[in-house]
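Q: Residue numbers (the working numbering): 70 to 156.
Glycine residues also receive a C-beta, built at the ideal position from the N, C-alpha and C atoms.
It should be emphasised that the depicted structure is a prediction, and the values quoted were computed from it without experimental measurement.
(1) Sorry if obvious, but does the Cβ on residue 140 come closer than 8 Å to a heavy atom of the ligand GTP?
(2) May I ask you to list the residues that DSSP assigns as paired with residue 126?
(3) Mind checking whether residue 141 and residue 89 have CB atoms under 9 Å apart?
(4) Answer yes or no: do residue 117 and residue 83 have a C-beta to C-beta separation smaller than 9 Å?
(5) Assuming the contact rule is C-beta atoms closer than 8 Å, residue 102 and residue 114 should be a hit. Round their C-beta distance to whole Å, please.
(6) Suppose you measure from the CA of residue 144 to the CA of residue 92; what does that come to, to the nearest Å?
(7) Roughly how many whole angstroms lie between the Cα atoms of residue 137 and residue 128?
Below you can see the structure in the form of structure tokens.
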């Protein structure tokens, strides 16, 4: 299976897993995700952003394609996980 987005197409932050990671760790972006919007994916989007900030990852089950769940994970600067866990 391959999922792709045509060049030039813009999606809302809250429409994807990686899009939820950004406002969870960049407070200035979180205020730009209006939960009261009529077409908001969930009325609990603020809680979802908080959960992503707490857990460090987001999922978007079947937002892009039926049967496909995508994950977004915060990558922290520093040594790779392989270097940290190999000692």
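A: Looking at the atomic coordinates:
(1) For the structure depicted, the ligand GTP is absent and the ligand set is empty, with no information on it obtainable.
(2) Answer is 142.
(3) yes
(4) Cβ atoms of residue 117 and residue 83: closer than 9 Å.
(5) 6 Å
(6) 14 Å
(7) 10 Å
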